[in-house]
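Residue numbers (this note's numbering): 45 to 1046. First comes the structure, then the notes that go with it.
Structural data, given as structure tokens:
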């Protein structure tokens, strides 16, 4: 059998399981021979001549014996260990792959619903490609699974080879370890001969003696010369032969050494051993030039180590390597120094406010640790070299958990101080906080630029402060404690302390919350100041807690945050002054508050014009009261005007006090009263308050024409609430009423009075009557010069006027008709009637007194029609006023003749014409009379004579009849006197008959 066949059979046999029988008890050496030889020739190995032992046996002993021997030896091969760890069923892998594909497909469908068309295609293609790759891998695994037995056998063989390789590696490592450990066990053989000689003689002649002779000491001159020579050699070498690093360009040569200085880091002294430019430089000394540190390194291991490393670097890398090593050493030493200083600070006054730790060569210092909401720290490390700058110390600042990249934290590299560095960082942090608060307060109208003062410091946070003027009289200084980082508000009270507590417990990034605390503190302090000062001036502070918020929002705006309700004593309970506090400032309102079943509601609000945010002083509150009273009064007046449909508007007032500009209320005159005697506007001005708190209001207007007819009338004395300027026609009305009461009706009433007064006085002036009293409610005058011929008219607004006559006045008989004419036609008609009827009324009164009772009845039908009724004689005489050709005449007629024989008298019964008067009706010689056949027309001056004559003719037995007969001459003179008087009183010659008749009411 060939070698190939033997090898094949042997491999097959080794792959079969080995049974535990007696034939398997060969030694491990034989087993190793069978398995371990790989030089060909099957598993039998080779003999001394390189031939296969098994093959040689077959040639010598024959085929059968050789075959049995081969089978027996193959059984000795050990079984390969089976690897079963990490095997999973293929079905599990397929199931998980399918489930994962379904889950990803569902997620893809959900995402495709909201994606664009192009994105859908891209996502779908990516999903299909990824799944295809996974299933290709699964296909490969499935293909290999069809040969699971062969693959498992290959895995077992590979694992067996790896274990054998591990055994070899372990054997090699153990051999190396033994060889290394035996090095220390080697001990040289002792020199017993030399030892005996030294112990016996005390010396060792076998040891050679070099007989070294020390050199003689150098003299000072030689030393100086040597130094100069060394200095010269160093200068030549450094200038011509050495490549100096950039930061070693600053050096000095003296005392036989070259001293290289690096600012704020170190100085190193170097020298040479010989004049060869290629020889090594040696370090002489090394000093640190920053503080705090030792002046020089103490002798010992540390110094020796530094010198050793420096000399090695000088030998290998020259000056460049030396600089890099020393520079790196100094950077590390500075960080270590800062760490030690931080340890001392933590044990001192920064306890519980400072933490630190090292990470590699970086120092992390955490400050303001008492505020656990967010972390603040600085990282001190070594920055990488940049351009021509070497590596250097740098500080990275993390504020409120975020790195600050726009601020460079300075670090003093000459005097390294952890406390100064921490103070600088806390000062920058405090500066940032205060600037942030100021920037957020500046846009608010309640904090003008002059109310915010910021002082900052870059080295001490307690020197930085923000001064806020929360009220005109109170300042609040905001500072930040350097150790704890807490806000400190100076001049504290309960309100400021509450704001400080809230600011310190807010999150560091919640700047809006901190600013709102300052705003609330301002509102609270200002509110307390306003209430305290208002109480001292007599204001009542109303506590209303259940105000309807919707009505407040509708009337005062949605930005109102706090409200203060005030009211003066004597005001209507529904009228209040409301101070509204908002981010835009304080606004002052006059409001009308109504009490509802579930609280209060604002029904109306009028803003008080206040410029800016003034200082709420006592003077301001006094002015506020005046302004509020004015607005309340204007509002009540305006409400009444709106109810009457009168147009009105507010206009800026013309007060002299710039701090108090009370507006004026303008009213259209023609809307208020239906007369046009005045200009079209009335101005209502709030003047102030009386001593008892009532409102003083002035109404000013101007007539279209001057009122010079009132110039001589002392109206001010008669009515102090009325003022006139006759030349311009201006007038002013003063009212003193409780605050909130309307005066519209009073204004209308007084305007009517003024109108009537003007018309009355004009009539009096026109007829040149004597005026005794003039006021807005009463006017008294005389219509004749004789005593008792006076009249008085009282009037009030649009009410009916009343005529007052003195006792015994003849016009009492027609007073009713005169009052009716006074209200219907005016005073001019009444005055004319008084003058026209004076003579006839006196005559009738005289006749009536002369006649016995029951003989005569005098009846007044009107002011122009009188009747004399003689009931016992059945005569009736009518006397009527007529106007003919512009002249007034009294027409006297016999009523029985005029109306027919059937006329009825005053006492009943038929009346008959007076036969005794027939001659009188036709007598032409009566002066001032015109016969009319049935009567006669007498002038105003002669009517008395006519009446007396008629009476004497009808009643001849009367005293007047007898007197009439004996005094014809006197009657004639009296008639002339009356004519002249009538001409003086009534200049009516140019009036048309119709106009005269209308003026007299006929």
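Virtual Cβ for every residue (Gly too), placed ideally from N, Cα, C. Predicted model, so just to flag it, every value in this text is computed and none were measured.
Exercise. Run through DSSP, which three-state label would residue 534 get?
Worked result: In the chain shown, counting from the first residue as 1, residue 534 sits at position 490. Coil, per DSSP.
Exercise. Counting along the chain, where does the alpha helix (DSSP H) carrying residue 462 start and finish?
Worked result: What you label residue 462 is simply residue 418 of the chain shown in a count that begins at 1. Its alpha helix (DSSP H) spans residues 462 to 485.
For this session: Reducing DSSP to helix, strand and coil, say where residue 204 ends up.
Result: Mapped onto the chain shown, residue 204 falls at position 160. Three-state DSSP puts residue 204 in a helix.
Exercise. Does the beta-carbon distance from residue 723 to residue 746 come in below 7 angstroms?
Worked result: Looking up residue 723 in the chain shown gives position 679. Looking up residue 746 in the chain shown gives position 702. Contact: yes.
Exercise. Can you tell me where the beta strand (DSSP E) with residue 397 in it begins and where it stops?
Worked result: Here residue 397 refers to the residue found at position 353 of the chain shown. Taken as a continuous stretch (DSSP letters only), residue 397 belongs to no beta strand (DSSP E), as it is neither H nor E.
Exercise. Under the DSSP definition of a beta bridge, which residues are partnered with residue 694?
Worked result: Taking the first residue of the chain shown as position 1, residue 694 is located at position 650. According to DSSP, which records beta bridges pairwise, residue 694 is partnered with 709.
Exercise. How big is the Cα-Cα spacing for residue 647 and residue 474?
Worked result: Here residue 647 refers to the residue found at position 603 of the chain shown. Here residue 474 refers to the residue found at position 430 of the chain shown. Distance between the alpha carbons of residue 647 and residue 474: 49 angstroms.
Problem set entry | Beta-carbon contacts of residue 231 that lie in its chain and below 6 angstroms, excluding the five residues immediately before and after | Reading the chain shown from its first residue, position 187 is the one you call residue 231. Excluding sequence neighbours, residue 231 sits near nothing in its chain.
Exercise. Would you report the Cα separation of residue 676 and residue 780, rounded to the nearest angstrom?
Worked result: Here residue 676 corresponds to residue number 632 of the chain shown, with the count starting at 1. Here residue 780 corresponds to residue number 736 of the chain shown, with the count starting at 1. So the two alpha carbons sit approximately 14 angstroms from each other.
For this session: Compute the Euclidean distance between the alpha carbons of residue 507 and residue 740, then round it to the nearest angstrom.
Result: The residue labelled residue 507 in the question sits at position 463 within the chain shown. The residue labelled residue 740 in the question sits at position 696 within the chain shown. Cα to Cα, the separation comes out at about 57 angstroms.
For this session: May I ask you to report which of helix, strand or coil DSSP gives residue 893?
Result: What you label residue 893 is simply residue 849 of the chain shown in a count that begins at 1. Three-state DSSP puts residue 893 in a helix.
For this session: Taking residue 610 as the reference, give the member of 544, 601, 624 and 600 with the closest Cα.
Result: Position 566 of the chain shown, counting from 1, holds the residue named residue 610. Relative to residue 610, the option among 544, 601, 624 and 600 whose CA is nearest is 624.
For this session: Within the same chain, show all residues whose beta-carbon is closer than 7 angstroms to that of residue 982, passing over the 5 residues directly before and after it, in chain order.
Result: Taking the first residue of the chain shown as position 1, residue 982 is located at position 938. Within the same chain, residue 982 has close Cβ partners 933, 934, 936, 972, 973 and 990.
Exercise. Would you report the Cα separation of residue 28 and residue 445, rounded to the nearest angstrom?
Worked result: There is no way to answer for residue 28, as the model of the chain reaches only from 45 to 1046.
Exercise. Counting pairs of beta carbons, one from the stretch 561 to 579 and one from the stretch 638 to 652, are three or more of them closer than 8 angstroms?
Worked result: Touching, no.
Exercise. For residue 739, which residues does DSSP report across the bridge?
Worked result: Walking along the chain shown from the start, residue 739 turns up at place 695. Residue 739 is bridged to 733 and 781.
Exercise. Who are the near neighbours of residue 725 in its chain, counting only those whose CB is closer than 8 angstroms to its CB and skipping five residues on each side?
Worked result: For the purposes of this step, residue 725 is taken as the residue at position 681 of the chain shown. Taken in chain order, the residues that qualify are 710, 711, 712, 713 and 745.
Problem set entry | residue 864 (DSSP reduced to helix, strand or coil) | If you number the chain shown from 1, residue 864 lands on position 820. DSSP places residue 864 in helix when its eight states are reduced to three.
For this session: Measure the Cβ-Cβ separation of residue 367 and residue 289 and say whether it is below 7 angstroms.
Result: For the purposes of this step, residue 367 is identified with residue 323 of the chain shown, where counting begins at 1. For the purposes of this step, residue 289 is identified with residue 245 of the chain shown, where counting begins at 1. It is a contact, given that the beta carbons lie within the stated cut-off.
For this session: Assign residue 441 to buried or exposed, taking buried as 16 or more other Cβ atoms, counted over all protein chains shown, within 10 Å of its Cβ.
Result: Here residue 441 refers to the residue found at position 397 when the chain shown is read from its first residue. It counts as buried.
Exercise. Under three-state DSSP, which class holds residue 593?
Worked result: Sequence index remark: in the chain shown, residue 593 carries index 549 (1-based). Note: residue 593 maps to helix in three-state DSSP.
For this session: Could you check what DSSP says for residue 751 in three-state terms: helix, strand or coil?
Result: Here residue 751 refers to the residue found at position 707 of the chain shown. Reduced to three states, the DSSP call for residue 751 is coil.
Exercise. Taking all protein chains shown into account, do 16 or more other C-beta atoms lie within 10 angstroms of the C-beta of residue 454, making it buried, or fewer, making it exposed?
Worked result: Mapped onto the chain shown, residue 454 falls at position 410. That one is exposed.
Exercise. In terms of residues, what are the limits of the beta strand (DSSP E) holding residue 937?
Worked result: The residue you call residue 937 lines up with position 893 of the chain shown. Here the beta strand (DSSP E) through residue 937 covers 931 to 938.
Exercise. Which runs of the alpha helix (DSSP H) spanning at least 4 residues fall entirely within the stretch 583 to 655, listed in chain order?
Worked result: 593 to 600
For this session: Kindly identify the DSSP beta-bridge partner or partners of residue 498.
Result: If you number the chain shown from 1, residue 498 lands on position 454. Answer is 510, bridged to residue 498.
Exercise. According to DSSP, which residues form a beta bridge with residue 324?
Worked result: As a position in the chain shown, residue 324 is number 280, starting the count at 1. According to DSSP, which records beta bridges pairwise, residue 324 is partnered with nothing at all.
Exercise. Mind checking whether residue 400 and residue 386 have CB atoms under 7 angstroms apart?
Worked result: Within the chain shown, numbered from 1, the residue matching residue 400 stands at position 356. Within the chain shown, numbered from 1, the residue matching residue 386 stands at position 342. Yes, the pair counts as a contact, with Cβ atoms nearer than the cut-off.
Problem set entry | Environment of residue 833 [buried if 16+ CB atoms lie within 10 Å] | Here residue 833 refers to the residue found at position 789 when the chain shown is read from its first residue. Burial call: buried.
Exercise. Are residue 992 and residue 961 touching if we call contact CB-CB under 7 angstroms?
Worked result: Along the chain shown, one-based indexing puts residue 992 at 948. Along the chain shown, one-based indexing puts residue 961 at 917. Cβ distance not < 7 angstroms, so residue 992 and residue 961 don't count as in contact.
For this session: Closer than 7 angstroms by C-beta to residue 772: which residues in its own chain qualify, once you throw out the five before and the five after it? Chain order, please.
Result: Translated into the one-based positions of the chain shown, residue 772 becomes position 728. Answer for residue 772: 746 and 750, listed in chain order.
Exercise. How far does the beta strand (DSSP E) with residue 573 in it reach, from first residue to last?
Worked result: Within the chain shown, numbered from 1, the residue matching residue 573 stands at position 529. No beta strand (DSSP E) holds residue 573; the alpha helix (DSSP H) holding it covers 555 to 580.
For this session: Using only alpha-carbon positions, find the residue among 481, 902, 525 and 877 that is nearest to residue 553.
Result: The residue labelled residue 553 in the question sits at position 509 within the chain shown. For the residues 481, 902, 525 and 877, the minimum Cα distance to residue 553 belongs to 481.
Problem set entry | Rounded separation between residue 238 and residue 213 - CA only | As a first step, residue 238 is located in the chain shown; it is residue number 194 there, counting from the start. As a first step, residue 213 is located in the chain shown; it is residue number 169 there, counting from the start. Straight across, the Cα-Cα distance linking residue 238 with residue 213 is about 47 angstroms.
Exercise. Where does the unbroken alpha helix (DSSP H) through residue 662 begin, and where does it stop?
Worked result: Along the chain shown, one-based indexing puts residue 662 at 618. 662 to 688 is the span of the alpha helix (DSSP H), which, as asked, contains residue 662.
Exercise. How would you call residue 451, buried or exposed, if buried means at least 16 neighbouring beta carbons within 10 angstroms?
Worked result: Within the chain shown, the letter at position 407 stands for residue 451. Exposed is the call here.
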